[in-house]
Amino acid sequence: MNELSFFLLLSTLLFGIGLAGVLVRRNAILVLVSVELMLNAANLNFIAFWRHGAGGESAGLMFVLFSIAVAAAEAAVGLALVIAVYRRFRTAHLDRVDTLKG
Amino acid sequence: MNGITLILGLVTLAGALASVALRNLVHCALGLMVAFAGLAGLYLSLGAQFVGLVQVLVYIGAVGIVFIFAILLTRGGGSESGSLFSTSWAVGGGIALAVTGVMAAALLQSPSLDRGSVRAAGPTVRQVGESLMADYVIPLEVMALLLTAAAIGAIIVAMPEKGDPGAPPQPPPG
Amino acid sequence: MLAFLQSLLQMVWKTVTDQPSPKSLFLSHVPEEWRPLVSAFLSVLPIVMVFPMLFALTTVVERKGLGRIQNRPGPNRVGPAGFLQFAADGIKAIIKEDVVPRAADRVVHFIAPLVLVVPVLLSYSVLPFGRNLVPIDLDTGLLFFFAVGAVTELAVFMAGWSSRNKYSLLGATRAIAQMISYEIPLILSALTVVMVVGTLSLPAIAEAQGPAPGGWLCRWHFFTPWGFAGFWLFLVAACAEANRSPFDLPEGESEIIAGYYLEYSGFKFALFFLGEYLGLFAASGLGITLFLGGWHAPFAFLEGWIPGWVWFLGKLVALILLFIWVRGTLPRVRMDQLMNFAWKFMLPLTLVNMLGAGLWHFLTNPIARWGLPAVLIGGAYVVLGRGLMPRSRVGPRVYRYAD
Amino acid sequence: MLGGGIVKGMVETARNFLGSYTDEARLTTVEYPEERIPAKENARQFPFLVFDGADPMAGLRCVACQICEKECPPQCIYIVKDTAKKPDYTGKLQFQPKVFNIDLSVCMSCQICVEVCPFDAIKMDTEYELARTDRFGALVFDKNRLAKPNAYFHKLHPTDGAEVDGRLAAEKAKAEAKAKADAEAKLKAAAEAKAKAAAAAAAAPPVAPPPASPPAA
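Next comes the structure, spelled out in structure tokens:
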């Protein structure tokens with residue numbers, strides 16, 4: 001196994017853990033945590049491909065930088081939503097937040 | 001791939017596993033920090049110095065703290081009561097396992113991963129800055145706009161509304 | 001053997017006299033496979049020895065200085081004039097019982113002091129202590145410093161949360177809120193230097209502040225309008241980052257007892273103490289590197305015959321004494337004052353300061369170059385300062401009934 | 001101007017700092033083990049028992065009335081009455097304490113025992129270097145440890161001591177005068193009785209001798 005496939009495998013596992021977290025855990029904050037893990041798996045892929053890519057392109061790095069910024073924005077908005085939901089339903093458990101009525 | 005990379009990878013995976021599997025939400029958040037730190041180490045070992053340090057600064061310094069504050073604000077500091085997993089956890093776990101398996105299988109069979117060229121070292125900060133300000137200036141500005149909008153949006157969403165039935169009870173006057 | 005000792009002495013001599021690559025001759029006597037390890041060890045050893053020692057002396061000097069400010073002699077029992085007090089305190093901290101609350105989260109409670117101290121020590125690895133004395137010449141040194149500093153917040157939270165004490169948790173949330181708020185002015189005021197010098201490497205930034213060719217004054221950034229403002233903004237923000245008085249709300253003995261390290265005793269408490277002071281020294285060292293010329297002398301004729309690390313250490317000690325003096329003078333601010341100061345005064349002023357640095361960089365006419373940023377920053381200072389003042393002027397209190 | 005107050009404060013503290021080196025009078029602290037401030041006359045730490053004369057146990061003023069034990073708010077006093085009696089300063093026979101313990105770790109130095117004592121037997125000491133390695137046994141003082149001579153009390157509280165001594169002397173004088181008067185009255189009565197008896201003796205023999213007068217203190 002060469003270095004690139006090691007990193008790709010690592011990022012696959014990371015993505016799998018994140019996906020499992022999103023599908024299995026029912027706390028809204030943990031779902032967001034898992035989403036962050038999946039985003040980071042994608043970032044790792046970008047860096048690994050940038051490292052093993054040809055040419056002087058730094059597009060992979062730039063993409064990761066922007067992705068990190070997006071993740072920060074996503075975390076801020078997502079957690080604000082969780083807090084709003086918590087304030088309304090007194091829980092952050094997604095199975096108990098099951099009404100669509102405003 | 002050397003020993004340090006392997007160790008960092010294992011630390012990252014352990015942190016990620018801890019962050020989705022532990023019962024106490026704060027432990028989950030701390031596990032997530034471990035995963036972030038491991039990823040930052042991996043980036044550094046891949047020669048992406050700038051990105052690795054930005055990862056620490058933004059993820060551990062900002063996103064992680066936001067997660068912790070959210071956990072505390074939703075009273076998740078103690079151990080979670082009731083069922084840890086959703087009712088359909090078997091289905092979800094199965095799907096996740098299947099997706100991971102398919103991706104890993106595809107990855108291990110792929111013939112195009114054996115690239116010879118490995119970059120010696122990452123670009124200097126000057127190069128990163130120049131490409132941010134020249135080639136990627138429009139994405140950068142869009143990102144600035146997005147971050148501003150996200151900050152304002154987060155404040156508005158999390159602000160308690162007047163007369164909100166779910167709002168915490170105001171203390172009686174006097 | 002003799003050659004080995006000679007190379008060792010030569011390494012020390014070269015280090016003391018600021019000569020380049022002091023380790024090279026010594027390392028040639030070390031077996032090939034050991035060289036990286038020995039080299040790293042030789043870089044780390046001075047940091048680990050000098051700065052904790054400086055911390056120990058600072059605790060004594062601080063207590064004596066605060067005592068003198070309050071017209072009392074301060075510690076004067078242990079050793080000559082009380083200067084061995086730190087040894088007594090250290091021995092006490094080590095042999096004291098390590099109490100962990102029963103409800104505490106033991107693992108996190110144990111890790112928290114380490115998570116605080118290790119990154120702080122790491123942050124020393126990019127600071128240039130002398131002309132050729134920098135442990136790692138990172139291209140992204142400044143970013144490394146701030147990234148590593150961000151981990152401190154996590155350590156503070158871990159300490160406060162794992163103690164399962166409401167005062168600890170309050171102290172931790174206060175500390176995190178304060179650190180996040182003041183990190184922005186801290187980074188923005190440091191960014192002005194990056195804008196002007198055009199690099200994140202700290203040795204290069206220090207190098208850029210040497211004497212101008214033919215001039216008698218060194219080009220410290222402190223001697224420019226934006227650098228002057230930036231230095232003081234940086235110093236205030238660093239003071240708040242390190243939870244120093246007058247921004248020591250997270251400790252707040254009178255209201256939340258001791259904040260996030262309330263439930264720590266013995267050696268773990270000493271580690272927190274150490275981490276806090278080492279963080280302060282590191283921030284001061286960064287301020288020296290960014291604004292006060294690093295290891296450069298203030299005047300060109302002093303350059304060269306006094307080694308650079310002496311200047312660095314001297315400036316560091318001066319800044320530490322300034323921090324002690326401030327601690328002896330200013331009372332603790334309130335939480336709302338703290339936040340108002342960060343967001344309504346420091347942040348706009350650092351932004352204006354960045355504008356000033358930009359003007360400095362692009363203008364060539366010396367009068368405009370000096371005048372415009374000075375007027376801009378001074379005006380912003382006056383306007384923001386007036387805005388912060390309460391609407392009704394504070395005067396002598398008038399007693400209407402009691403007289 | 002924003003920041004002016006800070007500069008003013010810094011100048012003030014700098015003046016304090018430098019002044020503390022040049023002007024010894026600024027230093028208000030006392031270097032405790034070497035220097036001590038003499039105790040104020042009304043200083044108080046923990047109680048002690050006053051005795052008169054040379055023998056602490058014989059001269060103890062305490063009569064084991066147990067008022068202080070009852071009044072003590074933290075209940076740090078423990079008294080056991082002795083069955084044997086001894087004469088007090090006026091010569092009257094009084095009870096004496098067999099056990100008189102004060103637990104200094106409990107005492108709160110409120111001085112209520114001194115206020116309520118009708119015999120001026122318990123007074124406040126000014127000794128404060130009472131640290132012990134054993135906090136249970138060593139801080140319980142018994143009557144031997146508590147007894148201090150009247151002269152010591154005079155040294156600590158001269159005004160109070162003079163007043164108490166004056167009062168005690170007056171009481172003693174009064175008691176003596178009373179005793180004397182009693183004795184005289186008794187003598188007179190005895191003489192009268194004797195005369196009567198002598199008068200009656202002519203008719204009948206004497207019945208009983210007169211009762212013994214109390215011994216003078």
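Protein chains in written order, with my numbering: chain A, 1 to 102; chain C, 1 to 174; chain U, 1 to 403; chain P, 1 to 217.
Even glycine gets a Cβ: it sits at the ideal position worked out from N, Cα and C.
Since the model is a prediction, treat every value here as computed from it, not as a measurement.
Kindly indicate which three-state DSSP category U/P211 falls into: helix, strand or coil? strand
CA-CA distance, U/L290 and U/H221? 7 angstroms
Close-in-space but distant-in-sequence residues of the same chain around A/H52 (CB under 7 angstroms, 5 per side omitted): L4
Is the CB of U/F157 under 7 angstroms away from at least one CB in chain C? yes
Span of the alpha helix (DSSP H) holding C/M103? W89 to Q109
Return yes when the Cβ of C/S19 is within less than 7 angstroms of the Cβ of C/A32, no when it is not. Inspection of the sequence shows that residue 32 of chain C is occupied by Leu rather than by Ala. Cβ atoms of C/L32 and C/S19: closer than 7 angstroms.
Classify P/G137 as buried or exposed, calling it buried when 16 or more other Cβ atoms lie within 10 Å of its own Cβ. exposed
Are C/A16 and A/L14 touching if we call contact CB-CB under 7 angstroms? yes
What is the C-beta distance between U/A155 and U/L116, in whole angstroms, given that I count them as a contact (C-beta under 8 angstroms)? 4 angstroms
Quick one: which chain C residues come within Cβ less than 8 angstroms of A/V35? Ordered by position in chain C, no residue passes the 8 angstroms Cβ test against A/V35, which lies about 11 angstroms from the chain.
Please list the partners that C/L57 has in chain U, where partner means a Cβ-to-Cβ separation under 8 angstroms. L143, F146, A147 and A150
Taking the runs of the alpha helix (DSSP H) that are 4 residues or longer, which of them lie wholly in the region 48–99 of chain A? 59–89
If you measure beta-carbon to beta-carbon, which residues of the region 134–160 of chain C are closer than 7 angstroms to chain A? Y136, P139, M143, L146, L147, A150, A151, G153, A154, V157, A158 and P160
Using Cβ-Cβ distances below 8 angstroms, what residues of the region 1–30 of chain P are close to chain D? Chain labels in this structure do not include chain D; the protein chains are A, C, U and P.
Give me the Cβ distance between U/R327 and U/S201, rounded to the nearest whole Å; I'm assuming they're in contact under 8 angstroms. In fact, because the Cβ distance is near 33 angstroms, the residues do not count as touching under 8 angstroms.
Closest Cβ-Cβ distance between U/E241 and chain C: below 7 angstroms? no
For C/G3, return the contacting residues in chain U, with the cut-off set at a CB-CB distance below 7 angstroms. Residues of chain U passing the Cβ test: none, with the nearest at roughly 14 angstroms.
Which residue from P/K188, P/K143, P/E171 and P/A197 puts its Cα closest to that of P/D55? P/K143
Proximity to U/A374 [Cα-Cα], best of U/E241, U/W216 and U/N353: U/N353
Quick one: Cα of C/A167 to Cα of U/Q178, how far? A caution first: C/A167 carries a pLDDT of 48, below 50, which makes its placement in the model too unreliable to give a value.
By Cβ distance, which residues of its chain are closer than 6 angstroms to U/L143, with the 5 residues on each side in sequence left out? L200
Report the partner residues of P/Q94 according to the DSSP bridge assignment. P/K86
Answer with yes or no whether the minimum CB distance from C/T12 to chain U is below 7 angstroms. no
How many Å lie between U/V278 and U/S284 at the Cα? Looking at the sequence provided, one finds Leu at residue 278 of chain U rather than Val. For U/L278 and U/S284, the distance between alpha carbons rounds to 10 angstroms.
Residues near C/P173 in its chain [Cβ-Cβ closer than 6 angstroms; skip 5 each side]: At C/P173 the pLDDT is 49, less than 50, meaning the model places this residue with poor confidence and gives no usable figure here.
Going by the DSSP bridge assignment, what does P/K81 pair with across the sheet? P/P97
According to DSSP, P/K123 sits in a beta bridge with which residue or residues? P/F48
Which bits of chain C does U/V118 rub up against, with CB to CB less than 7 angstroms? Going along chain C, no residue has its Cβ under 7 angstroms from U/V118, so there is no contact; the nearest lies around 11 angstroms.
Would you tell me roughly how many angstroms separate the C-alpha atoms of P/E127 and U/P80, rounded to the nearest one? 31 angstroms
In the region 48–77 of chain U, which residues sit with their C-beta less than 9 angstroms from some C-beta in chain P, listed in chain order? G65, G67, R68, I69, Q70, N71, R72, P73 and N76
Could you check what DSSP says for C/A167 in three-state terms: helix, strand or coil? Confidence in C/A167 is poor, its pLDDT being 48 and thus under 50, which makes the residue's placement unreliable; the coordinate value appears in the next sentence. Coil, per DSSP.
Cβ-based contacts, 8 angstroms cut-off: residues of the region 304–337 of chain U near chain P: W325, V326, G328, T329 and L330
Name, please, each residue of chain P whose Cβ falls closer than 8 angstroms to the Cβ of U/L433. The structure shown does not extend to residue 433 of chain U, since chain U is modelled only from 1 to 403, so the question has no answer here.
Under the rule that 16 or more other beta-carbon atoms within 10 Å means buried, what is C/L8, buried or exposed? buried
With a cut-off of 7 angstroms, does the C-beta of C/V125 fall near any C-beta of chain U? yes
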